[in-house]
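Number of protein chains: 6
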Amino acid sequence: MKQNKDKIVSLGEIMLRLTPPDYTRIEQATSFIANYGGGEANVIVSLSHLGHNCYYITRLPPNQLGDGAIDYLKSHGINTDNIARGSSIMGIYFLESGFGGRPGRVIYNRKHSAFTRITPEEFNLDKIFKDATWFHISGITLALGEKAREMVFACLKYAKKYQVKVSFDFNYRSKLWPIEEAQKIYPLIMPYVNILFASPWDIRTVLKTGKNLTDDDKLMQHAIKKYDLEWIFGKTRKIFSSTENAMTAYVYGPNNLYFSTEEYNFQIFDRIGAGDAFASGVIHGLLTKPKDPKFAAEFGIVNSILKQTIFGDVATFKEEEILEYMSTQGRSEVKR
Amino acid sequence: MKQNKDKIVSLGEIMLRLTPPDYTRIEQATSFIANYGGGEANVIVSLSHLGHNCYYITRLPPNQLGDGAIDYLKSHGINTDNIARGSSIMGIYFLESGFGGRPGRVIYNRKHSAFTRITPEEFNLDKIFKDATWFHISGITLALGEKAREMVFACLKYAKKYQVKVSFDFNYRSKLWPIEEAQKIYPLIMPYVNILFASPWDIRTVLKTGKNLTDDDKLMQHAIKKYDLEWIFGKTRKIFSSTENAMTAYVYGPNNLYFSTEEYNFQIFDRIGAGDAFASGVIHGLLTKPKDPKFAAEFGIVNSILKQTIFGDVATFKEEEILEYMSTQGRSEVKR
Amino acid sequence: MKQNKDKIVSLGEIMLRLTPPDYTRIEQATSFIANYGGGEANVIVSLSHLGHNCYYITRLPPNQLGDGAIDYLKSHGINTDNIARGSSIMGIYFLESGFGGRPGRVIYNRKHSAFTRITPEEFNLDKIFKDATWFHISGITLALGEKAREMVFACLKYAKKYQVKVSFDFNYRSKLWPIEEAQKIYPLIMPYVNILFASPWDIRTVLKTGKNLTDDDKLMQHAIKKYDLEWIFGKTRKIFSSTENAMTAYVYGPNNLYFSTEEYNFQIFDRIGAGDAFASGVIHGLLTKPKDPKFAAEFGIVNSILKQTIFGDVATFKEEEILEYMSTQGRSEVKR
Amino acid sequence: MKQNKDKIVSLGEIMLRLTPPDYTRIEQATSFIANYGGGEANVIVSLSHLGHNCYYITRLPPNQLGDGAIDYLKSHGINTDNIARGSSIMGIYFLESGFGGRPGRVIYNRKHSAFTRITPEEFNLDKIFKDATWFHISGITLALGEKAREMVFACLKYAKKYQVKVSFDFNYRSKLWPIEEAQKIYPLIMPYVNILFASPWDIRTVLKTGKNLTDDDKLMQHAIKKYDLEWIFGKTRKIFSSTENAMTAYVYGPNNLYFSTEEYNFQIFDRIGAGDAFASGVIHGLLTKPKDPKFAAEFGIVNSILKQTIFGDVATFKEEEILEYMSTQGRSEVKR
Amino acid sequence: MKQNKDKIVSLGEIMLRLTPPDYTRIEQATSFIANYGGGEANVIVSLSHLGHNCYYITRLPPNQLGDGAIDYLKSHGINTDNIARGSSIMGIYFLESGFGGRPGRVIYNRKHSAFTRITPEEFNLDKIFKDATWFHISGITLALGEKAREMVFACLKYAKKYQVKVSFDFNYRSKLWPIEEAQKIYPLIMPYVNILFASPWDIRTVLKTGKNLTDDDKLMQHAIKKYDLEWIFGKTRKIFSSTENAMTAYVYGPNNLYFSTEEYNFQIFDRIGAGDAFASGVIHGLLTKPKDPKFAAEFGIVNSILKQTIFGDVATFKEEEILEYMSTQGRSEVKR
Amino acid sequence: MKQNKDKIVSLGEIMLRLTPPDYTRIEQATSFIANYGGGEANVIVSLSHLGHNCYYITRLPPNQLGDGAIDYLKSHGINTDNIARGSSIMGIYFLESGFGGRPGRVIYNRKHSAFTRITPEEFNLDKIFKDATWFHISGITLALGEKAREMVFACLKYAKKYQVKVSFDFNYRSKLWPIEEAQKIYPLIMPYVNILFASPWDIRTVLKTGKNLTDDDKLMQHAIKKYDLEWIFGKTRKIFSSTENAMTAYVYGPNNLYFSTEEYNFQIFDRIGAGDAFASGVIHGLLTKPKDPKFAAEFGIVNSILKQTIFGDVATFKEEEILEYMSTQGRSEVKR
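Shown next as structure tokens:
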């Protein structure tokens, strides 16, 4: 029953996420809901639900917490043959869900985690990338220390060797590392990237290029040219409250191509993973209709909006659900 | 302390409903909230809370699941003396609650259920209908197979014999049977019906009458006349998201009587049973003020809106709560 | 690490609050979430989170329910050395959360509670008030019977003796006592009050003063003068549904001072304790910037809005959270 | 489908019971499981599950807590036409489940409850007792004050008038009233009693009769004669831990009849209601096999043991389940 | 990181299991815990945790319930490429956990399920069995109707073709089919079987062979010879209560080989799946030490005992945990 | 109402403990119950419930997880003025509860936690110890690295300076540090210790003294003399299963004093913190009856047994509960 599908590879940490139920504040929680998540893991899981053949490279402690993360990936159909085990610390993050005018909050308990000790020697990268179609990474992994960065570059070299398409999500997080350090690393990544997820702010402030281009459109076109990118995708968000937002997606491409979707108003059940769902939606769009970046942007934004209607870090929607939303504008009656 | 009250009878299946908590999707559920429901059961339960003397005719498996359904009906004050027991299958349905732009979903696991084997011989219908005031049925029971339909007609004959008023809720569900089959059965029901719950679409497409009447009002008047109906009630719904809707109720009567309520905007906690609560509200309105179909329509729409603010299939509101909503437009402070 | 802080004292009942989870109606609840609350207790707990040195005077049954209330106060940093124990009845209230057009409901099970037997002899009031800065009470305690009122007046005398500032929240509740009785007691309190929380209705109907002043502003100015008050604070609320409201705060002061905040629209997770959070926010504002009643009103209204985004009776926000909301209008991204 | 069954009537309070889940201590509970219970209510509910036609006389507050208690009784098939409503206080009790060497604990919050204001004038006692077969009461109701006692005697007079058999469960609770007071009331009840549930201690200390009879058997025979009783039933309990006990039932009858069951060892999930389940088992035994007190004692002890394997105050077992336990000694494989 | 492992294949239904939490009875359940299970699925899941390469053949409805079952199998590392989808009914079973003297109960809601429509044409059986090491089936699948039986025999033919070892667990369930029918089918299976899980009762009553052999040992030896079996494994169980049992495993082999383990006393958290865990433990034992049936019997009984200490249908223990139990007799301190 | 009480000080980490509910295994948990615990924190919390004036010195991250730990300590009446804040990592441990023959498991996620960065400079140790009566520490803190050890010795010097009694619980944990390292540190602690909690194995293997004394009694006497100890307390444990154990306490003192309690059999709800509850029970016993080490040993063992009947790390029993258990041997009826 299985067909030939694209082999998509990603690399990154996967953490245990602990969320107090029912909008309880963290310091008053008497229990936590447990699931697993992490930027790149979220992207790959959504792509698996969209029908692709997905592989995740990571490193986890050799205990039951690590086992749990692997079982989680497996349950979503991810190939877990390339997961190293070692060190004692599981990356954990705590999420306090926002409500109304009260913002959500994330507390990281991930420093010194097993992933930060990852090395290329633990993996058969040649075998992993040989028959791959796509490789996705994000700026979060770059922030996780020297070893994590070495691993990223090792993978990128194999991706290049086998002409695997590379997508990179900027995801600069000031809580994880100072901008000065990021400014040194991000430019080194760019030569490997085909598809970029970034905002004008990212280009201007982190890549520090085109600084004199005050017009965003020109800046993005400049980046396309300078780094020989296929497309840059991004989205803007308006916040009315923790539970009501609006989003718009855009895409830039060579020859001044530019497209932006309409502005979508939507309700939020769980904010986390919205950007990752956007990335996986876009990647799926590009794999399905490679010549139609508009479709990819629309598909990405809807995958992201739907993600925010369910609990947890990941979008688990099938293609047909996303297409239906696109045709009904999310105004469907109960299906019965 | 008990007064003389109207005896209202209904017939239909009652299913176990299983809902994943906290907007979880069905395939990821690790638990389900259990309650019981079914179109006609929901109507009769609400009528019991509105103070009537209610009887439910059904058939359930002779096991603890059947016992649970009976205890549930009893707890709402329903007379359960006329419940046959037999066959091994409990009708079950799964409900995934929608959120924002994600629609709700129902999965039926009810084929071959105990109810589908119901026969008139299992009941003393003469005794049931002899002193009854009202009999309510819906199109869902018609869809549950040959035996269910035979049972409906057996009851209708007794209702006619004892001049019991009959209300019928169209409730055509394409998931349960093809329209071609329905088109044969629905017209046979109409001669027995006094109060109809239906939309112009129902009249035009299922009853296949007045097809050349493009004006809805004329179509409804045509149906009133053709089937000698007292009233036709209905409601229209606008969907902004799974959690925000607007509804308007209307009523048609002989001599071109027509009334429609204002449009109510409201928030949804649980969408299921809205139509059933509308029917029970209308029936209560008509029993209370038989000459005032406007009141019935208003009472019905508010019972329906309030239903959607609580979990489960049924409206459990008392008359005073509905009247209060009608006077405050649902803008009350906390009662303390 | 502890600094010198204001010592704030309050007196009142603290009850066990029982709330059915997930918007369930009380009569159908199979479980209740337990927390503790009561008007004055809520005020003092919020003030403790805002950094003050807080003392609560109350009376509780000498059993595990009383112990639980004390542990609760302790966990919020309240000094519990002045809690008498006696009588067998714990004050309890049940809260049914409203949703959409369905209002919330409170059922009191508090008559004859341990608190209603409180006497000044059980406490060393001289020691309590000697070094206090502020004393807060509310009209709820006045409604709890003869002994409760005697206790209030005993405390007020000590407050006067030691020049402790007194704030009084009107909180007239018709469910607890008839207005005729209240009209006799409230005026006796006024000579002790410095800061009043009240509406024009309160002044006009409960204090029965300035009855011929139809203009609210003039009425409030009249009350300021008559009772030699520093300020009167209040707020108005518009109800769109049980989950969406708007509020505006106002303050009146001598010499025709008047200020009102903008109107804030907000979403409600738990309505209870909104007025108490307003009071504690205002008190904190006045303690921080004694000359700036505008700041106090703004701080109070935001503390109140934030309160309504969390479960339970009390606002547990730190000053920085409230200030952030004031600067972002409650439109913050998730903090990560 | 309904057959002619014995009409059994009982009178007593029904309280809301609140139990912290998972063996949590009361003062640390963040939630409580809610069910309803009370000595006589427990007896009548079990008798309903054993197939009898059951009526409960009580008084409840006219609010949702009272409604909940009534829905609970209805769900167990109890006739609730004879329930007066009035006063604001719902009787509540808190149960902390014992574990191992830690004993369970009950905290009553029931003083001044609606039931304590009950009066015969609120009921049509003649109608209730006219066609009744059995009336069951217990010493708990006697402890609830003057009005409760008056109500008991009013009922007993009607029971006598219509030759309704009367069973009385001693249930003396020192926490509810002093023994001196009980010693005055209990003897007044005895002339009405046919079946007594009591221990030698009860006879000797509360009834204060046969004090010089040091032999228990002779004491019980003395009581049988003195009060012209049909039978006295009782049970003894050995406590190994909160979760492991042993029980033995005995019965005394005229002409030196004496029988005791074997000693049953059993595990306890919920200790509460064990005595009530014993009483209902015995009553059912006597109604089924009036000449076989041994069967009644066995049936009662097994109903009591099974009760202690389920949560809540009441035994909901059917006759066949009890008979099966009696034949297998509670050593059955999973039924599949 | 993956090594060459045995490929084990199994065939059977997988059902949604619904269990009321906290020992609640089914008819009173307000929620159910959801997991998935089924005799053969349980065996294959445990074997996956013991390190084998596991494939499951089944048929599920093409809806979210079917998806959930597949995700469940995936999360345990099972290959799910051979799962047909069709028909609307998900097999469901309800489990009421026993406690003390109250037995557990199973209610099946599985008739007409998607699995009962399975056909060999839906699968590429040649590919499945070509490189397989072991095939496990049980008598439950034989009971699920004509099509299920055809599927079993189709698989057995491929197993024979490719010399795949076949184990068969008797599992005769009288609730699913009459013994007369079973007696016709079971003998047809035997020629394909290498390893049998059966009791003397099974041999004598279902296979109806060796009926004149009253000695169990001789009967088992007779079966070994008649059907040319490698081994027959089985276990006996003593029931002290629903939560305390004892078990002993035995094995019979050619040349009068016989071995039985010591009797293990143990506590039960969840009884279901004990037999399946025994089978998977034995299979793992035989795959690990093919010449040591004693080891297999010990390993199987301990896997079964450990299964009964966790919730759900399946043993998820690793080899090291089972070996540790074998060396400590299950008397280990907390591991920290 | 507060009396003069002993001031007891302790130092150590306090961690967030996460336990899957209902005996779920860690890798399959979908939620965790949250509480706080740590060896010394557990001791001090129990002492607070036994009526003492308790202070805890620790270091926590300056985020909501740290706040939660402090609120927890406050709710148990612990003075939290001496808690430093810094570093980002909260010590966390996961507990899998054992059942029957399946042992419990602890996974530490505590390396690099905020506590491991503690320094004496962050505290006013002089003020803390000046008026203290007792100081309790344990070997766990010694295992947490160089800085933790420096902090221990800094405290011990102040304890010596102000003649504060010092108790030390050996608690050697091989998972936290190698024995070779421990063997260097433990002897350095001994000169400061008055009351020791240790086993003969601890003395022989960790302190490496009296190695040629094969008789345990002589070894303990040797240690008493060598280190000039007041008493050595300890307990032995027999494990029948994860839920049934037996324990015996012993005490050694100067002049060959030796006492051991009877062996207590008991049931376990939560094994963690048993040793800490023993220590706090002994300390309370010694503070209450300084000349009666037998009483202290009995009191300690019962506090430990009762601890194991409740969830969480800490014993929250009052003196009267422990005394009652001592007099009834834990065989009390439900208290009502």
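Chains as they are written, first to last, in the working numbering: chain P, 1 to 336; chain L, 337 to 672; chain E, 673 to 1008; chain V, 1009 to 1344; chain X, 1345 to 1680; chain A, 1681 to 2016. C-beta atoms are modelled at their ideal positions from N, C-alpha and C, and glycine is treated no differently. Only a predicted model underlies this, so the values are computations on that prediction, with no experimental measurement involved.
Indicate whether residue i and residue j have their beta-carbon atoms separated by less than 8 Å.
i: E/G882; j: E/F842; result: no
i: A/V1723; j: A/A1959; result: yes
i: E/R731; j: E/A756; result: yes
Specify the secondary structure class of residue i as computed by DSSP and reduced to three states.
i: A/T1821; result: helix
i: L/I454; result: coil
i: V/A1323; result: coil
i: E/N707; result: strand
i: L/L352; result: strand
i: A/Y1944; result: strand
i: V/Y1031; result: helix
i: P/F123; result: coil
i: L/V529; result: coil
i: V/M1009; result: A caution first: V/M1009 carries a pLDDT of 35, below 50, which makes its placement in the model unreliable, though a value can still be read off. Note: V/M1009 maps to coil in three-state DSSP.
Measuring only the C-alpha atoms, how far is residue i from residue j?
i: L/E657; j: L/H620; result: 14 Å
i: X/N1423; j: X/N1397; result: 8 Å
i: V/L1251; j: V/F1107; result: In the sequence on display, residue 1251 of chain V carries Thr and not Leu. Each residue's Cα considered, the two are about 6 Å apart.
i: X/F1577; j: X/Q1372; result: 39 Å
Q: Decide if the segment 1837–1848 of chain A is in contact with the segment 1779–1789 of chain A; the criterion is three or more beta carbon pairs, one per stretch, under 8 Å apart.
A: no
Q: Assess, as a yes-or-no matter, whether the segment 1351–1365 of chain X is touched by the segment 1319–1337 of chain V under the definition of 3 or more beta carbon pairs within less than 8 Å.
A: no
Q.
I want to know whether the segment 1884–1901 of chain A touches the segment 1864–1871 of chain A - three or more CB-CB distances under 8 Å.
A. yes
Q: Could you please tell me which residues of the segment 778–808 of chain E, in chain order, have their CB closer than 7 Å to any CB of chain A?
A: none
Q. Which residues, in order along the segment 1302–1314 of chain V, keep a beta-carbon less than 7 Å from a beta-carbon of chain X?
A. I1313, L1314
**Q.** Where the segment 1389–1416 of chain X meets chain P: residues whose CB sits under 7 Å from a CB there
**A.** D1415
Q: Take every Cβ of the segment 1742–1762 of chain A, pair it with every Cβ of the segment 1686–1698 of chain A, and state whether three or more of those distances are shorter than 8 Å.
A: yes
Q) When you check each C-beta in the segment 653–672 of chain L against every C-beta of chain E, which residues fall closer than 7 Å? A) Y661, G666, R667, S668, E669, V670, K671, R672
Q.
Under 8 Å: do the segment 998–1006 of chain E and the segment 231–251 of chain P share three or more Cβ pairs, one atom per stretch?
A. yes
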